[in-house]
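Numbering-wise, the sequence shown is residues 19 to 486 according to our numbering.
Ideal placement from N, C-alpha and C gives every residue a C-beta, glycine not left out.
Read the structure below first, then the notes.
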Amino acid sequence: MWRHFETLFILQQPAYASVYPPAQGVILAIGLILFGEPWAGVLASMAGLSMAVVWMLRAYETRAWALYGGLLSVAGYGILSYWTNSYWGGAAAAIGGALALGALPRILSNNRRRDAAILGLGLLVLATSRPYEGFLTALPIAFYVVRHFSRAAIRDRAVLRKQAPVLACVILAGGILTCWYNWRVTGSPLRLPHAAYIQQYAAVPAFIWQRAQRAPEYRDRVLREAHLSFGIDYAEYSTFTGAAGKTLKKIARIAIFYWGPLWVLVVLTFPEFVRERRFRVAVLSLALCITGILLTVGFQVHYAAPCTSIFILMLVYASRCFCTHLRRAGAVVVIATPLAWVGSQALARQMPLLPNSMWMRPSVETRIAGERGRHLVLVHYGPLHPLGEEWVYNEPDVDHSRVIWARDLGPQANQELFRYYPERAFWLVEPDHPRPLVARCTPECTVPEDKPASPTGSAAGHSLPLGR
19 MWRHFETLFI
29 LQQPAYASVY
39 PPAQGVILAI
49 GLILFGEPWA
59 GVLASMAGLS
69 MAVVWMLRAY
79 ETRAWALYGG
89 LLSVAGYGIL
99 SYWTNSYWGG
109 AAAAIGGALA
119 LGALPRILSN
129 NRRRDAAILG
139 LGLLVLATSR
149 PYEGFLTALP
159 IAFYVVRHFS
169 RAAIRDRAVL
179 RKQAPVLACV
189 ILAGGILTCW
199 YNWRVTGSPL
209 RLPHAAYIQQ
219 YAAVPAFIWQ
229 RAQRAPEYRD
239 RVLREAHLSF
249 GIDYAEYSTF
259 TGAAGKTLKK
269 IARIAIFYWG
279 PLWVLVVLTF
289 PEFVRERRFR
299 VAVLSLALCI
309 TGILLTVGFQ
319 VHYAAPCTSI
329 FILMLVYASR
339 CFCTHLRRAG
349 AVVVIATPLA
359 WVGSQALARQ
369 MPLLPNSMWM
379 RPSVETRIAG
389 ERGRHLVLVH
399 YGPLHPLGEE
409 WVYNEPDVDH
419 SRVIWARDLG
429 PQANQELFRY
439 YPERAFWLVE
449 PDHPRPLVAR
459 CTPECTVPED
469 KPASPTGSAA
479 GHSLPLGR
């Protein structure tokens with residue numbers, strides 16, 4: 019029966035779980051459990067990001083400039099950014115990077131257990147949010163910590179005895195939890211959910227140097243077309259021109275998102291920033307992370323989230339340089355920077371967006387949930403359904419959800435749903451219309467693959483009026 023619930027980026031076998039690391043799921047669960055709304059968890063994570071950025075910057079800048087960096091993080095990522103206005107995430111990995119990068123200079127200069135524990139926590143958050151990019155970001159940090167402990171073993175063993183056990187315990191505990199999670203989802207403590215998903219569904223390699231693999235057998239036409247469409251990005255890397263273009267686009271998107279219109283300030287002060295010895299670890303972490311991202315086929319700007327605090331550090335440094343050298347003009351730049359960032363995002367949001375059938379899904383679910391009892395919605399896609407506009411997503415506890423979404427697999431296959439959920443009212447939804455068609459459904463209702471149904475066809479009962 020799980021075939022009815024197959025969807026993008028969700029494992030059904032061997033367990034029902036997201037393919038992504040658990041950190042973002044924990045954030046959403048906290049919001050859902052404490053406030054009844056997962057978005058509350060997103061808001062809390064963004065607030066935590068601002069605090070983590072301020073704490074990290076205090077290890078490199080004065081208190082005033084650290085607070086200014088926190089303001090920049092709010093302006094850039096906390097108001098109009100999709101990090102705040104979606105469930106995709108970004109804050110978790112950014113918090114992990116900020117904790118790790120902020121703890122390192124404190125460990126090197128102070129002999130405190132607290133700093134070692136915070137470093138371990140930061141590494142754990144990176145591992146459970148963006149494992150690949152987080153690993154690359156953490157490599158220089160790990161190198162400096164190992165070198166510090168090696169020197170302490172010779173010169174001052176008290177430092178080693180005080181900090182190393184704490185760091186080791188936090189990392190060990192985090193590793194055990196991560197392995198336990200992997201075991202519960204995939205059946206193996208060393209196999210990530212994403213790896214299991216790639217084996218079951220992926221038709222395109224993860225890295226640009228890998229050879230194209232044979233597409234697996236898909237049980238659903240829409241899922242097959244969606245996964246095969248990811249090959250467009252991979253095909254562009256087959257030529258030098260295409261690879262160069264994709265690389266430049268990735269770099270440009272990262273710069274625009276993390277620095278907004280202020281990327282010019284960072285570029286002008288970048289040579290001075292690199293020469294600063296205290297920023298050496300940050301530069302190395304950023305270079306490794308960006309290099310790793312450029313080697314992947316797929317890309318979203320939140321892949322670089324582990325380096326968020328480094329991007330903010332570079333902005334703060336640029337602002338301080340302008341304020342020092344230009345004085346009054348520099349002060350104007352510092353004051354205008356967060357305003358310009360928010361303003362540019364507001365202008366970008368005024369651009370017209372392409373129509374998307376998923377915009378209507380919340381309205382459909384709200385209206386169905388308003389009917390008496392519990393419901394199961396069969397989603398039937400037309401032959402020209404837009405790729406990626408997936409309606410079949412469910413809550414963590416599917417069986418106890420008020421509204422369950424499932425794929426229409428035909429009258430025979432649908433019978434197992436009717437038998438398993440006899441107490442539910444069934445609905446048939448066709449999203450590929452200007453106004454999605456919604457109607458009550460009987461066990462015999464079906465829709466031919468090449469012909470969309472109408473609410474008065476094989477579906478029985480009444481249809482729901484839906485506005486835009």
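- Only exposed fits Val285, as fewer than 16 other CB atoms lie within 10 angstroms of its CB.
- Secondary structure at His212: helix, using DSSP grouped into helix, strand and coil.
- Taking Glu55 as the centre and dropping the five residues before and after it, the same chain places the C-beta of Gly49 closer than 8 Å to its C-beta, in chain order.
- Residues of the same chain with a CB within less than 8 Å of the CB of Trp359, apart from the 5 flanking positions on each side, are Leu90, Ala93, Gly94, Gly278, Pro279 and Leu280 in chain order.
- If you look at Val164, you'll find it in the alpha helix (DSSP H) that goes Pro149 to Arg173.
- Residue state for His403 is assigned as coil, using DSSP reduced to three classes.
- Taken in chain order, the whole alpha helix (DSSP H) runs of length 4 or more contained in the region 49 to 126 are 56 to 75 and 81 to 95.
- Contact between Tyr252 and Val315 is confirmed by a C-beta separation of about 5 Å, below the 8 Å threshold.
- Of the residues assessed, Gly138 falls on the buried side of the cut-off, its CB having 16 or more other CB atoms within 10 angstroms.
- For Ser36, the beta-bridge partners assigned by DSSP are Ile28.
- Residue burial annotation: Pro183 is exposed, with fewer than 16 other C-beta atoms found within 10 angstroms of its C-beta.
- Just measuring C-alpha positions, the residue of Trp57, Tyr199, Leu246 and Ile226 sitting nearest Pro234 is Leu246.
- Not a single unbroken stretch of the beta strand (DSSP E) spanning 3 or more residues falls wholly within the region 321 to 375.
- By the CB criterion at 7 Å, Ala70 and Ala116 fall inside the cutoff.
- In summary, Met19 is exposed, with fewer than 16 beta-carbon neighbours lying within 10 Å of its beta-carbon over all protein chains present.
- Leu142 has its alpha-carbon roughly 10 Å from the corresponding atom of Leu190.
- Runs of alpha helix (DSSP H) with 4 or more residues, each lying fully within the region 191 to 245, are found at 211 to 219, listed in chain order.
- When DSSP states are grouped into helix, strand and coil, Leu185 belongs to the helix group.
- DSSP lists Phe225 as the bridge partner or partners of Thr314.
- For Trp277, the enclosing alpha helix (DSSP H) covers residues Phe258 to Trp277.
- Judged by DSSP in its simplified three-state form, His393 adopts strand.
- Residue environment: Leu402 is assigned as exposed (fewer than 16 neighbouring CB atoms within 10 Å of its CB, all protein chains considered).
- Secondary structure of Glu441 (DSSP, three-state): coil.
- If you ignore the 5 residues before and after Ser362, its C-beta comes within less than 7 Å of the C-beta of Gly278 and Pro279, all in its own chain and listed in chain order.
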